[in-house]
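> Before I ask anything, here is the structure I am working with.
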Amino acid sequence: MKDKTIAILENRSGKQLADLVRKYGGRPISAPALAEVADVDQQEIVQMIEDWSKDLPELFIFQTGVGTKALFATTDELNLTDKLVELLTRSKILVRGPKPKGALRAKNVRIDMTAGDPYTTAEMLAHVDSLSIEGQRVVVQRYGDTNLELQAALQARGAEVLEVATYRWSLPVDTQPLIDLMDSLANKTVDMVCFTSASQVYNFFQVADNLNRAAGLKANLNQTLIASIGPVCSKALTKYDIRVDVEPSPPKLGPFIAAINERFA
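In my numbering, the protein residues as written are 791 to 1055.
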């Protein structure tokens, strides 16, 4: 990617991604499209743990490392971590991938099932189908937004879904970098745009919609190269009829950068 201009919409790992782009000789430009906002209600957590003590859920599903850590940070403050761990040891635990797995292992929580690569809802449901959850309670750690596909699938299997909110996704306070990126795309000075989550796609188009620039954004994105971190992100792009040129396997930053560099090579 030597001398190529690469737009990065990632926030949390944006600096790491930019450093990797520079390592391969590219020029990163940052336009964060996502902000994580804490969304933990301590009283709600207290009430949930009390309810789970009386009626133990059949299954707990942890979807993200940051959300799992936020939940335990809250129970640490409330002196309820030991109680939560005790409840988890008596239930079944399904994790979406290595990050929530690592967060749970740090608290010595036994993990029964881990969704495989590429860590999407489909891989989680493959494990769910080995269980009998009809009429049972299933706790889902929410990530950013409700996973509507997972929720609908669990309910279709007869489960009562209980969602635990720890953080939510929103637009960044400063959306000017996204507007500047739209201008750069219109001027054809960007070689590739990197999307690392579906929410970045939705937020970018939300900003464009607010400015009546969605049609132009779609056209300009389809005139440059598009890199997607994985299947969920690619699905969001296809909803806007955006062509995906690069999608790594597995969906991680290292393979992502390697795939981008190979595309330019």
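For each residue, glycine too, the CB sits at the ideal point set by N, CA and C.
Nothing here was measured: the structure is a model prediction, and the numbers come from that model.
For F852, list the residues DSSP reports as bridge partners.
Counted from its first residue, the sequence shown places residue 852 at position 62. Paired residues: V885.
> So, for G815: in the same chain, excluding its five sequence neighbours on each side, which residues have a beta-carbon less than 7 Å away from its beta-carbon?
The residue given as residue 815 occupies position 25 in the sequence shown. Excluding residues within five positions, the ones whose Cβ falls inside 7 Å are M791, K792, D793.
> Please classify A1009: is it buried, with 16 or more other beta-carbons within 10 angstroms of its beta-carbon, or exposed?
Within the sequence shown, the letter at position 219 stands for residue 1009. Result: exposed.
> Nearest to A949 by alpha carbon, out of M972, G906, P847?
One-based indexing of the sequence shown puts residue 949 at position 159. When only C-alpha atoms are compared, the closest one is P847.
> DSSP beta-bridge partners for A890?
Within the sequence shown, numbered from 1, the residue matching residue 890 stands at position 100. It should be pointed out that residue 890 corresponds to Pro in this sequence rather than to Ala. For P890, which the question treats as bridged, DSSP gives no partner whatsoever.
> Can you confirm whether the region 980 to 988 touches the region 844 to 864 when touching is taken to mean that 3 or more C-beta pairs between the two stretches lie within less than 8 Å?
no
> Who are the near neighbours of N1059 in its chain, counting only those whose CB is closer than 7 Å to its CB and skipping five residues on each side?
Nothing about residue 1059 can be reported from this structure: the residues present for the chain run from 791 to 1055 only.
> Mind checking E1052: buried by the 16 CB within 10 Å criterion, or exposed?
Taking the first residue of the sequence shown as 1, we reach residue 1052 at position 262. Under this definition E1052 is an exposed residue.
> Report the start-end ranges of each beta strand (DSSP E) in the region 983 to 1008 that is 3 residues or longer and not cut off at the edges.
none
> With distance defined between alpha-carbon atoms, name the residue in P1041, L1015, P818 nearest to C1023.
Start at 1 with the first residue of the sequence shown, and residue 1023 comes out as number 233. Closest option to C1023, judged by alpha-carbon separation, among P1041, L1015, P818: P1041.
> Pull the bridge partners of D826 from the DSSP assignment, please.
Against the sequence shown, residue 826 aligns to sequence position 36. Residue identity check: residue 826 is Glu in the sequence provided, not Asp. Partner(s): W959.
> Starting from the N-terminal side, write out each stretch of the alpha helix (DSSP H) that is 4 residues or longer and does not extend beyond the region 890 to 943.
911 to 918
> Tell me the rounded alpha-carbon separation between I923 and V929.
By 1-based counting over the sequence shown, the position of residue 923 is 133. By 1-based counting over the sequence shown, the position of residue 929 is 139. The alpha-carbon atoms of I923 and V929 are separated by roughly 11 Å.
> According to the Cβ coordinates, are A893 and G906 closer than 9 Å?
Here residue 893 refers to the residue found at position 103 when the sequence shown is read from its first residue. Here residue 906 refers to the residue found at position 116 when the sequence shown is read from its first residue. No, the Cβ-Cβ distance between A893 and G906 is not below 9 Å.
> Enumerate in chain order the residues of its own chain whose CB-to-CB distance from E953 is below 6 Å, with the five nearest sequence positions on each side excluded.
Position 163 of the sequence shown, counting from 1, holds the residue named residue 953. The residues are V930, R932.
> Alpha carbon to alpha carbon, how far is S989 from N898?
Your numbering for residue 989 matches position 199 in the sequence shown. Your numbering for residue 898 matches position 108 in the sequence shown. So the alpha carbons of these two residues sit roughly 31 Å apart.
> Please confirm if the region 821 to 841 is in contact with the region 964 to 973, defined as three or more CB-CB distances below 8 Å between the two stretches.
Segment contact: the region 821 to 841 against the region 964 to 973, three or more CB-CB distances shorter than 8 Å; contact assigned.
> Using the Cβ count rule (16 or more neighbours within 10 Å means buried), how would you classify A860?
Position 70 of the sequence shown holds residue 860. Its Cβ being crowded by 16 or more others within 10 Å, A860 is buried.
> For my contact list, K889 and T864 are in at a C-beta cut-off of 8 Å; report their separation, rounded to the angstrom.
Working through the sequence shown from its first residue, we reach residue 889 at position 99. Working through the sequence shown from its first residue, we reach residue 864 at position 74. Contact doesn't hold; Cβ gap of about 18 Å is too wide.
> Can you tell me the Cα-Cα spacing of G1020 and G925, whole angstroms?
Locating residue 1020 in the sequence shown gives position 230, where the first residue counts as 1. Locating residue 925 in the sequence shown gives position 135, where the first residue counts as 1. In a straight line, the C-alpha of G1020 is about 33 Å away from that of G925.
> Determine the DSSP secondary structure at E800, reduced to helix, strand or coil.
Counting from one through the sequence shown, the residue named residue 800 turns up at place 10. E800: coil per DSSP, three-state reduction.
> Which term fits E834, buried or exposed, when burial requires 16 or more other beta carbons within 10 angstroms of its beta carbon?
Along the sequence shown, one-based indexing puts residue 834 at 44. The residue in question, E834, is exposed, as its Cβ has fewer than 16 Cβ neighbours within 10 Å.
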